[in-house]
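Here is the structure we will look at, set down as structure tokens.
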Amino acid sequence: MSQPPLRVELRTSPHLRTTLTVETIMRNVVYALLPLCAFAVYQFGISALALILVVTLSCLGTEALFSRASGKGNTLSDYSATITGLLLALTLPPGFPLWMGAVAGFIAIALGKVLFGGLGFNVFNPALVGRAFVQAAFPVAITTWTPPFAPGRFVEFIPSTLALPFMQPPEVKSWIDGLGLDGYTGATPLALQKFEGVTSSAIDLFTGMAAGSLGETSALLILLCGGYLAARRMMNWRIPVAMLGGAWVTAALLHWANPGHPDPWFVLFSGGLLFGAMFMATDMVATPVTPLGVWVYGIFMGFLTVIIRVFGGLPEGVMYAILLGNAAAPLIEHITQPRIYGARKRKVES
Amino acid sequence: MALLSFLRKATFSHGIHPPENKDTSDMAIKRLPFAPRVVVPLSQHFGAPAVALVKPGQEVVRGEPIARAEGFLSVPMHAPVTGVVESVGLMASARGPKVPSIVIKTHAAASQRVLWGAPRDVGDMDAEAIILAIQDTGMVGLGGAGFPTHVKLSVPKKYTIDTLVVNGCECEPYLTTDHRMMVEYPQDLIAGIHIAMKAVGAGRALIGIEDNKPDAARALRGCIPQGAPIDVVEVETKYPQGSEKLLIKTLLGREVPSGGYPYEIGVVVQNVATLAQLAQLLPESQGLIERVVTISGPGVKKPGNYLVPLGTPLRFVLEQVGFSGDASQLILGGPMMGNSVASLDVPVTKTVSGILVMSQGKEERGAGKVHPCIRCGKCLEACPVNLNPSQLGRLAAKREYKMMEERFHLNDCFECGCCSYVCPSNIPLVQYFRIAKSVNRERAA
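Protein chains in written order, with my numbering: chain L, -13 to 336; chain U, -4 to 440.
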């Protein structure tokens, strides 16, 4: 009998795998964020472009530095640092000084991710860690808003963008006044509502014609990009649904109890709620994995967002709501372990 | 959910939809020639190995018992060919280590008709006699588990069985043996169902068939006698629908208690091929000497469903079906739960439902890079018994095997492999769990 040369691999089952990999998921999240970046650049001009680039490169550089130092090899190819960079940039105001953006990017990766052990081990969404840091460190810069669609935005930087490191950024008020835009007060719809009782038009909020952070202005675009990820099953749609639902119900109850509180629809489409629910809260690593836990987690964050917005000192509460949600995720997961098939009724827990 | 159930096929929750690749489903069962030499391992079943009754040099007739059962949890072996016993000793096995086997040199001139056995009337036998007779056939679950059929049909006295569940799902990709048995031998299957119902005292039988086999369902419906308490239920095509515990859930909505057996909830499950073969063997008092095997995969020139004498070495089988010689993997069974083997000297045994010759394809990225768990939760969505494979995987990496068992229900995992299939980080989850289970078993012993 002839002996055919046989070279086979010995593996244990299963011998089939899906083709969906971590890289594919992460790459598609980047794809979903790119239209938002493009719209931000269209809306706010070259300052937005420069900020997105600087923050993302800062994240990538930090990731490369630490992965080399810890001997992990190249971890840039999993795209997770790119996502952190884009997400972080999209939560910053358009005129945010570039050097502060670089600091935010460094903190996001170094404190938010590497410190915990890198991809898969971060307790908090790294982008929000970076954002929380700069919010505490640079409270003025992060609440200085510039108007969208300023004339000359594609040839001229917003003055504060190019501020030198550790210097006081130049005053943008006079620059905004110089643009001669009627009725622009330098406040976001949220701040207008909270401090002046002016509710912006829902249509403007929905299409993104209002002031705000780079990525949070167009609800329509956020829904489309998030919908893409959800449809490709690369994002858990239950989280944004639960978070928005939780926020809507909480706001509706408050509005009903006291009509002075904002209308639930305004709450839904203003500020970073939609962006945060869609792209920040859904960071897989920092969310519970249990099916029931996902709902609890989402509703909890939606509730917190509205409570902070309505009763807190800041107009916006999404960031802290999500960070608190991240912190609560292990506990939520612990108490929502699924009931297994055939579980005996009175099982003695050891 | 219950309100909308008429809109959708009966099914269980979770599970996966791997590519089916059932290219051989239209190919009629063909007989494979007899190999010049067959190897019959004494342990092809779950339980105590059989004890050889023959000595080297002894002539055996096809169908003759050559090994006896060792106790109740064991089955006898029968000679798959007419020939001369060459040796009784250690031979290569699919599992790796060499195992005691009887080697028979085939008598080239023999007619290979089964001369052993005597006709009898199964209708006259009572449940106990049927169970003993089934043990004598050497029948085991042909679906792949290899659990002795007569043991499965012996229900402890304190339980009453109301339903016999007949498993015609065949949810593993590629495999089509059960499918062909249902299409080609529906009468035998119905007869086998009657025998099994009598053995366990069940009042009715439900045949669960995945909806990718409408021809099988049609063939069976056409054979069920008027008024017989046997129903065909088409269920969703989804892996692992053919797992006994999940099929019970699908068909009856009952759950087998954790760590328990189906008879505790009044159910006994049998595979379609097992029952059909049983109906062929029992009235003739014959033994199990051949089985249908799906031979498929990209490396096979003539894929199909073949009736293969037990003990036929893989090398001979592959020569017959045209083996191109290049393969990345040889799998006995299906691609989700089968074993890969390294030697062509391994024989076909009672539990081999398929022989797959794979070449490195897009779907087999077994050797890809492993990332940390990103907690995407896809494994929880896939696990049919609602475990938390993500958590179990983290614990396994830390070798917290005891905790996996005590707090995260490790022992409820039946190793279907859905978690490893879906994991985008390529973490070998079910492989971890197998190690954890065996370490726990060793520590307990």
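Virtual Cβ for every residue (Gly too), placed ideally from N, Cα, C.
1. Under a Cβ-count criterion, where at least 16 other Cβ atoms within 10 Å of its own Cβ denotes burial, should U/L215 be classed as buried or exposed?
2. Is there a Cβ of chain U sitting closer than 9 Å to that of L/N222, yes or no?
3. Pairs of beta-carbons, one from the segment 206 to 213 of chain U and one from the segment 320 to 327 of chain L, closer than 8 Å: are there three or more?
4. Taking only beta-carbon atoms, is U/P13 less than 9 Å away from chain B?
5. Counting only the same chain and skipping the five closest in sequence on each side, list residues whose C-beta sits under 6 Å from that of U/T346.
6. Given 8 Å as the limit, is there contact between the segment 272 to 279 of chain U and the segment 304 to 313 of chain U, that is, 3 or more CB pairs closer than that?
7. Based on Cα-Cα distance, which residue from U/R370, U/Q324, U/I290, U/K393 lies nearest to U/S354?
8. Alpha carbons only, please: which of U/L110, U/I129, U/C413, U/V228 is nearest the one belonging to U/M332?
9. What in chain U is Cβ-close to L/I11, meaning under 9 Å?
10. Taking only runs that begin and end inside the segment 75 to 143 of chain U, name each unbroken beta strand (DSSP E) of 3 or more residues, in chain order.
11. If you reduce the DSSP assignment to three classes, tell me which class U/N381 lands in.
12. How about L/P80 and L/I144: do their beta carbons lie closer than 9 Å?
13. For the segment 69 to 84 of chain U and the segment 38 to 52 of chain U, state whether three or more C-beta atom pairs, one from each stretch, are separated by less than 8 Å.
14. Within its chain, find whatever has a CB closer than 7 Å to the CB of U/G42; leave out the 5 residues flanking it on each side and keep chain order.
15. Determine the DSSP secondary structure at U/N334, reduced to helix, strand or coil.
16. Between which residues of its own chain and L/F289 is the CB-CB distance below 6 Å, once the five residues before and five after are set aside?
17. Would you give the residue range spanned by the alpha helix (DSSP H) that L/E9 belongs to?
18. To the nearest angstrom, how far is the alpha carbon of L/T129 from that of L/F119?
19. So is U/D121 buried or exposed if we call it buried at 16+ other beta carbons inside 10 Å?
20. Cβ of U/K393 less than 9 Å from any chain L Cβ?
21. Extract the residue ranges of the beta strand (DSSP E) inside the segment 149 to 231 of chain U, only unbroken runs of 3 or more that lie entirely within it.
22. L/S204 and L/L37: beta carbons closer than 9 Å?
23. Name the two residues that bound the continuous beta strand (DSSP E) containing U/G52.
24. Is DSSP giving L/H241 helix, strand or coil here?
25. Would you list the one or two residues that DSSP bridges to U/H442?
26. For the segment 247 to 267 of chain L against the segment 195 to 202 of chain L, are there 3 or more C-beta pairs whose distance is under 8 Å?
27. So what's U/E289 in DSSP terms, helix, strand or just coil?
28. Give the interface partners of U/K240 over in chain L, defined as CB-CB distance under 9 Å, in chain order.
29. Taking 9 Å as the CB-CB cut-off, is U/M86 touching chain L?
30. Could you tell me the alpha carbon to alpha carbon distance between U/R213 and U/S348, rounded to whole angstroms?
31. Pick out the complete alpha helix (DSSP H) segments inside the segment 98 to 124 of chain L, 4 residues or longer, and give them in chain order.
32. Mapping DSSP to helix, strand and coil, what is U/R26?
33. Whole angstroms is fine: what's the gap from L/S66's alpha carbon to L/W234's?
34. Does the count of Cβ pairs from the segment 178 to 198 of chain U and the segment 118 to 132 of chain U closer than 8 Å reach three?
35. Measuring alpha carbon to alpha carbon, tell me which of U/P419, U/R394, U/A392, U/S433 ends up nearest U/C408.
36. With a CB to CB cut of under 6 Å and the five nearest residues on each side skipped, what residues in its chain are close to L/A113?
Working from what's here:
1. buried
2. yes
3. no
4. This model lacks chain B altogether; the protein chains it does include are L and U.
5. Here the set comprises G139, G141.
6. Counting Cβ pairs under 8 Å, fewer than three are found: no touch.
7. U/Q324
8. If we check each option's Cα against that of U/M332, U/C413 comes out closest.
9. I369, C371, P419
10. 78 to 88, 91 to 101
11. coil
12. yes
13. yes
14. Excluding sequence neighbours, U/G42 sits near L68, S69, P143.
15. Three-state DSSP puts U/N334 in a strand.
16. G232, T236
17. 8 to 30
18. 14 Å
19. exposed
20. no
21. Correct list: 158 to 163, 199 to 205, 225 to 230.
22. no
23. Judged by DSSP secondary structure, U/G52 falls outside any beta strand (DSSP E); it is assigned neither H nor E.
24. In the structure shown, L/H241 sits in a helix (DSSP, three-state: H, G or I).
25. Absent from the model: residue 442 of chain U. The displayed extent of chain U is -4 to 440, so no value can be given.
26. yes
27. Here residue 289 of chain U turns out to be Thr, not Glu, going by the sequence shown. DSSP places U/T289 in strand when its eight states are reduced to three.
28. Simply Y327, G328.
29. So, not an interface residue.
30. 23 Å
31. 112 to 123
32. In this structure, U/R26 counts as strand in the three-state DSSP scheme.
33. 31 Å
34. yes
35. With distances taken between Cα atoms, U/C408 lies closest to U/S433.
36. T70, L73, L74, A94, listed in sequence order.
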